[in-house]
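2 protein chains.
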Amino acid sequence: MFSMTTTSPQGRTELLRPDGSPVRVLVVDDEMSITELLSMALRYEGWQIRSAGDGTGAIQTAREFRPDAVVLDMMLPDMDGLTVLGRLRRELPDVPVLFLTAKDAVEDRIAGLTAGGDDYVTKPFSLEEVVARLRGLIRRSGAADRRSESVLVVGDLTLDEDSHEVSRGGDNIHLTATEFELLRFLMRNPRRVLSKAQILDRVWSYDFGGQANVVELYISYLRRKIDAGREPMIHTRRGAGYLIKPAVS
Amino acid sequence: MFSMTTTSPQGRTELLRPDGSPVRVLVVDDEMSITELLSMALRYEGWQIRSAGDGTGAIQTAREFRPDAVVLDMMLPDMDGLTVLGRLRRELPDVPVLFLTAKDAVEDRIAGLTAGGDDYVTKPFSLEEVVARLRGLIRRSGAADRRSESVLVVGDLTLDEDSHEVSRGGDNIHLTATEFELLRFLMRNPRRVLSKAQILDRVWSYDFGGQANVVELYISYLRRKIDAGREPMIHTRRGAGYLIKPAVS
DNA sequence: TGCGTTTCTCAGGCTATTCACAGGTTGCCG
DNA sequence: CGGCAACCTGTGAATAGCCTGAGAAACGCA
C-alpha cells in the first residue's frame, strides 16, 4: 500500500502512498500542547496531519479523513481509550495505531495492545521515537515488498532500525539507546546541519530540563565510537550545529 | 491448496493461497474483546479476517466469506457448539476448525472432534498458540507437500513446531511449554528487537496480570538452556527489548 | 492423594547509562 | 597575539534497567 519512496532535495527519504500523495496521520490527544507538538513534527516529515481532542472527534475525523495511521492517547476526557480503539477499528479495520500512555499507567492496561502489530510510547516521549515508531507501523502495514527500508546508510556507516544494529566498514558498533536515537536523527538528515536546539527538541523527550550541553556530550560519545581512528563523518559547524556525511567526499 | 509462501518485509514467512491471495479466517466468539484481539493478531499475520458473535451469524458469514479456516468458540449464546459445527460442515465440508473451550469443559466432547484433523485451545490462550495451531491446520488442510515448513531455523538452532523438538548444534534441548513458546516467537522474528510488552502480549495468555519481569526470567531460563557455554544467540538491547540471531554474524 | 515439574513473585545485586559539573581546548575576531 | 565564545571531554554520582537465586503456589500425572 505504501510501495513508493522518494528522496527530497535535502536528501531525506519520505514515505509516500502508491499514488504519490502524502501519508495521512490522525493525532488524538486532549492536551493541545501535545497535539500541536506532534502535528508540527509529523508535518515536518511531509505527512498530512489532522488532530482531534476527544474520542467522538477522533471517530468523526477518522471517518472522513481516512488516515493511514493514528496516534491515540489512552487518556481521553469523553471515553476510554479501548472504546475509541474499538470504534476506530470498525471504521478502519487495518489502520495501525500508536498509543500514547502515561509512564506509570503502563503495566496494567497496555495488555494486548501491541499484539496486533500496534505499538505504544510512554509520555514523555521524544519526537524521534514517535516518528520512528510511526514509520515502522506504516511501513509494516503496507504492501509486502520493500525490504531494505529499515536500514539507513551513510557512506560505510549503516544503522538498522529493526535490529538496532550499527556498523561502520563492517565493524559492529554498540550504542546506547540515546546514542542510537541521536545517530538515527543525524543519519536521517545527512549532509544537513542540525542545530543543538533542533537535536535537543527531536532526540530528547519534550520535558527534558537539563543542560543544553548533553548534545555536545553525546556527540562526543558518538565520535568515540563511530569516528574513532577513522576518517571522521561527524562534523561540527561552529555556531551552527552538527552534520553527518560520508567520509570520502 | 496453500502451496505458496512469501516473505514479508519483516522477514516473516506468510502463508498464501495458491492464487496469491491472502488466507481467509472466520473468528466466532460472543465476547467482543476476544474477537477483537484475535482479529488484530490474525490480521497481523497477513490474513483476511471476518468475525461473528453467534451461531447464526457464523453460518451466514461462512456461506459468503468461504474461509480457509474457522476459529470457533464452543460456548455461544444462541446454539450449541456442535450444532454450529454441523451446519458449518454442511456449508464447507473440508474447512479446518480451531475450537476455543473453557479450561474445564474439555475432555468429553472435544476429544472426538479433533479426530477429523481439527484442533483446539483452551481459554485463556496465548496468541502465539492460536496462531501456531491455525497455521498448522491451514498447512495440513492444503497440499500435502511442504512438511519442512514447520521447522524454524536460526543459525545452528532448530525448532520443530510439530514435534516440539528443539536442538542446537545437534544437541537436543528440553524446554517447558512457556519456554518453547517464547523461543518460537523469537525465532519467528529473527534479528528483530522485540519489546517486553510485545513478548508479553503474544506469548502469555491475554488475562495474565502479573509482573512484567516474567519475560526477563524466561529469557534467563532460555539462555541457560540454549546459550549455555556457547556463543550467545539471545541478545539484550537495553531499553528496547530482546532479539535472537545466528551466533556467527 | 502425593510427588515432581512448571510457573511466577519477590527482592537483592549489579552494571550500563544518563547527566551535571568543571576545566581544557579550539577557532574566530579584532 | 590576546581574549572570548563555542565546543570538547574526564570524572563521578545517581539511577534505570536487567539478571538471577530462593522459594511459594499451581499444575499434571500416576
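Taken in sequence, the protein lines are chains A and B.
First residue of the first sequence: 3, per this note's numbering; consecutive thereafter.
First residue of the second sequence: 3, per this note's numbering; consecutive thereafter.
The beta carbon of each residue, even a glycine, is placed where N, CA and C say it ideally should be.
- C-alpha of B/E167 to C-alpha of A/E33: approximately 52 Å in a straight line.
- Residue range Q50 to A54 is occupied by the beta strand (DSSP E) that includes B/A54.
- The segment 92 to 102 of chain B and the segment 114 to 129 of chain B touch, with no fewer than 3 CB-CB distances between them shorter than 8 Å.
- At least one beta carbon of chain A lies nearer than 8 Å to the beta carbon of B/V195.
- Membership of A/R239 in any alpha helix (DSSP H) is not indicated; the residue belongs instead to the beta strand (DSSP E) covering I236 to R239.
- Taking the beta carbon of B/L39 as reference, the chain A residues within 9 Å of it are G114, A117 and G118, listed in sequence order.
- When rounded, the separation of the alpha-carbon atoms in B/R240 and A/T178 is 7 Å.
- B/R170 sits in a strand when the DSSP states are folded into three classes.
- Flagged as an interface residue toward chain A: B/L245, by a C-beta distance shorter than 8 Å.
- Rounded to whole angstroms, the Cβ separation of A/I140 and A/D70 is 6 Å, and the two are in contact under 8 Å.
- Per DSSP, B/A230 is not a residue of any beta strand (DSSP E), being assigned neither H nor E.
- Along the segment 221 to 234 of chain A, there is no position whose C-beta sits under 9 Å from a C-beta of chain B.
- Secondary structure of B/K247 (DSSP, three-state): coil.
- For a Cβ distance threshold of 9 Å, residue set E38, S41 and M42 of chain B lies close to A/R91, ordered along the chain.
- Beta-bridge partners of B/T103 (DSSP): B/T124.
- Bridge partners of A/M77 according to DSSP: A/D82.
- B/A214 and B/P95 have their C-alpha atoms roughly 43 Å apart.
- If only complete runs of 4 or more residues are kept, the segment 186 to 212 of chain B shows the alpha helix (DSSP H) at 198 to 205, in order along the chain.
- DSSP places A/R135 in the uninterrupted alpha helix (DSSP H) bounded by L129 to S143.
- Following the DSSP letters along the chain, one finds B/T37 inside the alpha helix (DSSP H) bounded by residues M34 to Y46.
- If you ignore the 5 residues before and after A/R204, its C-beta comes within less than 6 Å of the C-beta of L129, E130 and F187, all in its own chain and listed in chain order.
- The C-beta distance from A/V156 to A/P248 rounds to 6 Å, short enough to meet the 8 Å contact threshold.
- Think of a sphere of 7 Å around the beta carbon of B/G241: the chain A residues whose beta carbon falls inside it are A179, in chain order.
- Burial check for A/E163: the Cβ neighbour count within 10 Å reaches 16 or more, so the residue is buried.
- B/V216 carries a helical assignment under DSSP once its states are collapsed to helix, strand and coil.
- Counting of Cβ neighbours within 10 angstroms places A/G55 among the buried residues, the total reaching 16 or more.
- At the C-beta level, A/I228 and A/R170 come within 8 Å of one another.
- B/K125 has its alpha-carbon roughly 35 Å from the corresponding atom of A/R137.
- A/G88 has a beta carbon lying within less than 8 Å of a beta carbon in chain B.
- Taking C-alpha positions only, A/L115 is separated from B/V195 by approximately 17 Å.
- At a cut-off of 8 Å between C-beta atoms, A/D56 does not count as an interface residue with respect to chain B.
- Chain A places a beta carbon closer than 8 Å to that of B/A199, counting this residue as a contact.
- In this structure, A/I221 lies away from A/M235, with their beta-carbon atoms at least 8 Å apart.
- Between the alpha carbons of A/V86 and A/R225 lies a distance of about 45 Å.
- For the segment 124 to 154 of chain B, the residues whose beta carbon sits under 8 Å from a beta carbon of chain A are, in order, L129.
- Under the three-state reduction of DSSP output, B/T180 falls in the helix class.
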